Amino acid sequence: MSDIDSLLHEDRRFAPDPDFAAQAVAGSELYDRAKADRLGFWADQARELLHWSTPFTQTLDWNNAPFARWFADGRLNVSYNCLDRHVEAGQGDRVAIHWEGEPGDSRSLTYAELTAEVKRAANALTSLGVRHGDRVAIYLPMIPEAVVAMLAVARLGAVHSVVFGGFSAESLRSRIDDANAKVVITADGGWRKGKVFPLKPAVDAALADGKTSVESVLVVKRGENVVDWTDGRDRWWHDELAAAAAEHEAQPFEAENPLFILYTSGTTGKPKGILHTSGGYLTQAAFTHKAVFDLKPETDVFWCTADVGWVTGHSYVVYGPLANGATQVMYEGTPDTPHPGRWWELIEKYKVSILYTAPTAIRTFMKLGREHPQKFDLSSLRVLGSVGEPINPEAWIWYRDIIGGGKTPVVDTWWQTETGAIMVSALPGVTTTKPGSAQVPLPGISVDVLDENAKPVGLGSGGLLVVTEPWPAMLRGIWGDPERFIETYWEKFDFEGSPNRRMYLAGDGARLDEDGDVWVLGRVDDVMNVSGHRLSTMEIESALVSHPIVAEAAVVGASDENTGQAVVAFVILRAKQAEAQTSEEASAILRAWVAEQIGAIARPRQILIVSELPKTRSGKIMRRLLRDVAEGREIGDTTTLADTSVMSVITDTLK
Ligand code: WTA
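Add 323 to a position in the sequence shown, counting from 1, and you land on the number used in the numbering used here.
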């Protein structure tokens, strides 16, 4: 057995509990139906799960591949689908969101209340000039207004671009500029780790030079922060909503109407604006939310712990749960504030039945110890989900045993910002689960693992994960950059002469085991995965070299037992600086600089000041060797280096 085989060998199996299976939402017939008629299957889902103002007659148009059109002649309003129709169906009194602030304040909003707020917000945005197709940037903490803002933008047929509150003014600025946003919705601050962190100053800084497309800034009052005010541009959210009319009738838009842009890291320095549209995205978000989590909207309480700044928050805090009329928990703060059992306390308080979180959180809780969850009654939990990075079998088992009481199915869900919704996962009540493997493509989804020559690797081997058929929630492009869209995802496996046989390159390495189950091994490109967040090595490198003391920089993702990967940077200082500053000083300055340029999530764990970087004869940095250094391993093959002594120079300096 090779190393990788023994690493991935896993004998533990958990067959579905018969009682659970008897009542499960999903059954194995879904796979049969989708296999017999994949497009018919998706058309059924679209009709069953959504309300169409104009029914579609065509399911998929793939003639202009890789630019897909799903349900293209149908019309719908996404916000109506997530709100009004539930109220009209008599479910207005059902709680949509049980929101809990970090300091302990809380609010529960019913579907009727949420609908009413979204209507007012839509009217307020209209009076600020937001029209169909306009872009609105949202830079908010995890408060109900984030959901209201997204749905209000969607209601107008406008496009939201949510920027995670942890990103810096610089990052916000580049996203606002790229999307040409007309309005920014932000807050005076939000609670995190027992303190209010400010957001408005970052917006002010981002817009400071006045050279911006932004006409108005709407500010939600969350903290008690004093904020600077630009008259004529800034307005309080509560004032605007109070002044707005209460009624707002949602107009239907084309199924392919853009719904949102979400920026994510790619292999170059510039984040890509991933574009999603309405009908296909909402269909798959709703279907997966229902089938993968066995959702029973009348009785379940769902909790996805992701921030709405990431795609997981878009699909499984906002669109999936609300399209399905679910009740969910939304929490503002950090898991360990004010005590390490905060999440478990919330599960007990709201009787959460479905929990969806990331392996990095699970590993942190494992470290903290089982005594924290064991102080609370977690017996309401019946399905557990994982997303964002590979989950190691130990964490999977701990999750099932300690959080799930040894009885709950655990679903490990593989997907990406680009795929819009879950693609590969077990189905609770149907699949016999296997710790560590994401397992099988969902009904209606086709994936494979190919070698460099586009040949399927078959069972027992590893290669590149691809999606072989278009899917409803697939990205429709990169905002403003169709070339990059094609190059990044569709060029590696396009088949000359049959353009609609193109396959989508996910950027992940994967392996099929002897049962055909998918094991996702991690990125094969220059994208790192830190605590389940995507970061680009190139983006951090550009930030580093933009600092005057830096001559050259190389960044690698080194494996880290808590965060999955961690950012480690190798930096050559400019000659003068190298004399003037100690390595410790330079490294402290640069760690802070990266946090300021991109956001705290990108701050390197470690910056190593070196005098050389390993390069090939063509000048390409050999990150593989740097990763060996960062992970404290013996240095691999150096024969392709232009100067083979470089690695010993580096290891000597670091000693
Ligand atoms: C990784 C998050 C292994 C993968 C939804 C992918 C995973 C990237 C899993 C997308 C999983 C996500 N097992 N790896 N279950 N889920 N990934 O765009 O490398 O933030 O390409 O979307 O996360 O990250 P993104």
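Don't be surprised by glycine CBs; every beta carbon is placed ideally from N, CA and C.
Keep in mind that this is a model prediction, so the values were computed, not measured.
Beta-ladder partner(s) of residue i, from DSSP
{"i": "Asn1032", "result": "Because the chain spans 324 through 978 in this model, residue 1032 falls outside it and cannot be assessed."}
{"i": "Thr587", "result": "Lys595"}
{"i": "Pro581", "result": "Thr600"}
{"i": "Pro764", "result": "Val747"}
{"i": "Gln888", "result": "Ser882"}
{"i": "Val770", "result": "Val790"}
{"i": "Trp422", "result": "Arg430 and Met653"}
{"i": "Asp384", "result": "Arg392"}
{"i": "Gly800", "result": "Leu598"}
Alpha helix (DSSP H) segment containing residue i, residue limits
{"i": "Val471", "result": "Pro467 to Arg478"}
{"i": "Pro644", "result": "Gly643 to Ala646"}
{"i": "Gln929", "result": "Note, Gln929: premise wrong, no alpha helix (DSSP H); beta strand (DSSP E) at Gln929 to Ile932."}
{"i": "Ile670", "result": "Arg665 to Tyr673"}
{"i": "Ser910", "result": "Ser906 to Gln920"}
{"i": "Lys442", "result": "Tyr434 to Ser450"}
{"i": "Tyr639", "result": "Premise fails: Tyr639 is in no alpha helix (DSSP H) and is neither H nor E."}
{"i": "Arg496", "result": "Ala492 to Ala502"}
{"i": "Trp552", "result": "First-last for Trp552: undefined, no H or E at that position."}
{"i": "Arg846", "result": "From DSSP, Arg846 is part of no alpha helix (DSSP H) but of the beta strand (DSSP E) over Val841 to Arg846."}
{"i": "Leu353", "result": "Glu352 to Ala359"}
{"i": "Arg558", "result": "Looking at the DSSP string, Arg558 is not in any alpha helix (DSSP H); the run it does join, the beta strand (DSSP E), is Asp557 to Trp559."}
{"i": "Leu977", "result": "Val969 to Leu977"}
Between the CA atoms of residue j and residue i - distance to the nearest angstrom
{"i": "Arg356", "j": "Leu432", "result": "37 Å"}
{"i": "Gln929", "j": "Ser601", "result": "42 Å"}
{"i": "Leu788", "j": "Gly830", "result": "7 Å"}
{"i": "Leu598", "j": "Lys534", "result": "25 Å"}
{"i": "Met324", "j": "Val841", "result": "Residue confidence is low: Met324 scores 39 on pLDDT, short of 50, so the model does not pin down where it sits. No coordinate-derived value is stated."}
{"i": "Arg693", "j": "Glu884", "result": "18 Å"}
{"i": "Val540", "j": "Val734", "result": "40 Å"}
{"i": "Pro937", "j": "Val634", "result": "36 Å"}
{"i": "Arg686", "j": "Ser351", "result": "32 Å"}
{"i": "Val847", "j": "Phe490", "result": "25 Å"}
{"i": "Asp554", "j": "Tyr403", "result": "34 Å"}
{"i": "Thr961", "j": "Ala475", "result": "56 Å"}
{"i": "Ala646", "j": "Leu372", "result": "8 Å"}
{"i": "Arg947", "j": "Glu775", "result": "19 Å"}
{"i": "Asp838", "j": "Leu678", "result": "27 Å"}
{"i": "Gln697", "j": "Pro758", "result": "22 Å"}
{"i": "His561", "j": "Val543", "result": "7 Å"}
{"i": "Gln346", "j": "Leu585", "result": "36 Å"}
{"i": "Lys613", "j": "Ser769", "result": "19 Å"}
{"i": "Ala681", "j": "Ser854", "result": "8 Å"}
{"i": "Gly708", "j": "Phe616", "result": "8 Å"}
{"i": "Ile488", "j": "Gly632", "result": "In the sequence under discussion, the amino acid at residue 488 is Gly, which differs from the Ile named in the question. If I take the Cα positions, the gap works out to 7 Å."}
{"i": "Ser494", "j": "Val485", "result": "12 Å"}
{"i": "Glu907", "j": "Ala469", "result": "40 Å"}
{"i": "Ala525", "j": "Trp626", "result": "29 Å"}
{"i": "Gln414", "j": "Ala435", "result": "8 Å"}
{"i": "Asp334", "j": "Phe816", "result": "34 Å"}
{"i": "Gly363", "j": "Thr382", "result": "8 Å"}
{"i": "Ala901", "j": "Trp802", "result": "41 Å"}
{"i": "Met473", "j": "Met945", "result": "42 Å"}
{"i": "Asp659", "j": "His421", "result": "19 Å"}
{"i": "Phe893", "j": "Ala915", "result": "15 Å"}
{"i": "Thr905", "j": "Ile895", "result": "13 Å"}
{"i": "Ala445", "j": "Gly880", "result": "42 Å"}
Run of the beta strand (DSSP E) containing residue i, from where it starts to where it stops
{"i": "Gly513", "result": "Gly512 to Arg515"}
{"i": "Glu741", "result": "Run containing Glu741: none; DSSP gives neither H nor E here."}
{"i": "Leu691", "result": "Here Leu691 belongs to no beta strand (DSSP E); instead the alpha helix (DSSP H) covers Pro682 to Leu691."}
{"i": "Gly489", "result": "No beta strand (DSSP E) holds Gly489; DSSP gives it neither H nor E."}
{"i": "Arg458", "result": "Arg458 to Tyr462"}
{"i": "Val733", "result": "Val733 to Thr736"}
{"i": "Asp831", "result": "Tyr827 to Leu835"}
{"i": "Lys899", "result": "Here Lys899 belongs to no beta strand (DSSP E); instead the alpha helix (DSSP H) covers Ala898 to Ala903."}
{"i": "Lys518", "result": "Lys518 to Pro521"}
{"i": "Trp633", "result": "Segment: none, Trp633 is in no beta strand (DSSP E) and carries neither H nor E."}
Taking contact to mean 3 or more Cβ pairs, one atom from each stretch, closer than 8 Å, check whether the stretch 383 to 395 and the stretch 661 to 675 are in contact. Put simply, the stretch 383 to 395 does not touch the stretch 661 to 675. Fewer than three CB pairs are less than 8 Å apart.
Inter-stretch contact at 8 Å, needing at least 3 Cβ pairs: the stretch 420 to 429 / the stretch 438 to 455: At 8 Å Cβ cutoff, the stretches do not touch.
I'd like to know if the stretch 495 to 506 and the stretch 451 to 467 are in contact, where contact means that at least 3 CB-CB pairs between them fall below 8 Å. Touching, yes, given that three or more Cβ pairs across the two stretches are closer than 8 Å.
Are there three or more Cβ pairs, one per stretch, closer than 8 Å when the stretch 966 to 975 is compared with the stretch 911 to 925? Segments in contact, no.
Using 8 Å as the Cβ pair cut-off and three pairs as the minimum, do the stretch 602 to 621 and the stretch 872 to 882 touch? Contact between the stretch 602 to 621 and the stretch 872 to 882 is absent, because fewer than three Cβ pairs lie under 8 Å.
State whether the stretch 795 to 802 contacts the stretch 739 to 752, with contact taken as three or more CB pairs (one from each stretch) at a distance under 8 Å. Flag = yes, the stretch 795 to 802 and the stretch 739 to 752 touch.
Any chance the stretch 332 to 340 sits against the stretch 353 to 369, with 3 or more Cβ pairs inside 8 Å? Too few Cβ pairs lie closer than 8 Å, so no.
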